[in-house]
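Engineer:
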Amino acid sequence: MNFNVFLLRKKLDPENVHNLNKRAIIYYVLRDYDKALLDIDKVIQLDISNILVYYYKQEVISMACF
877 MNFNVFLLRK
887 KLDPENVHNL
897 NKRAIIYYVL
907 RDYDKALLDI
917 DKVIQLDISN
927 ILVYYYKQEV
937 ISMACF
């Protein structure tokens, strides 16, 4: 799926946890760790029971330190 689709989806539904997760992963792959963390933190605000997002956050933080 095209990254621009996720940007458009955020405009249409900015609190969609699934889209935010996917976009955070894309930012992570692109090494844009600040943007990845912003999306991850938003997911945590919206769904604190989403255990996987805490793993993603740790991965992003560990890579951002290098």
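Counting in this note's numbering, the final residue of the sequence shown is number 942, and the numbers go up one at a time with none missing. We treat Cβ as the ideally placed atom computed from N, Cα and C, and that holds for glycine.
1) If you measure between the beta carbons of I920 and V936, is that distance less than 8 Å?
2) Go to R899, then tell me how far its alpha helix (DSSP H) extends in each direction, as first and last residue.
3) How is the alpha helix (DSSP H) around D910 delimited, first residue to last?
4) Give me, in chain order, the residues of the same chain whose beta-carbon lies closer than 7 Å to that of E891; leave out the 5 immediate sequence neighbours on both sides.
5) Taking the alpha-carbon positions, what's the Y931 to S925 distance?
Structural biologist: Well, looking at it:
1) The count along the sequence shown starts at 1 and reaches residue 920 at position 44. The count along the sequence shown starts at 1 and reaches residue 936 at position 60. No, Cβ-Cβ distance for I920 and V936 is not below 8 Å.
2) For the purposes of this step, residue 899 is taken as the residue at position 23 of the sequence shown. Segment 893-905, the alpha helix (DSSP H) holding R899.
3) Mapped onto the sequence shown, residue 910 falls at position 34. Note, D910: alpha helix (DSSP H), 909-922.
4) The residue you call residue 891 lines up with position 15 of the sequence shown. L922.
5) Counting from one through the sequence shown, the residue named residue 931 turns up at place 55. Counting from one through the sequence shown, the residue named residue 925 turns up at place 49. C-alpha separation (whole angstroms): 12 Å.
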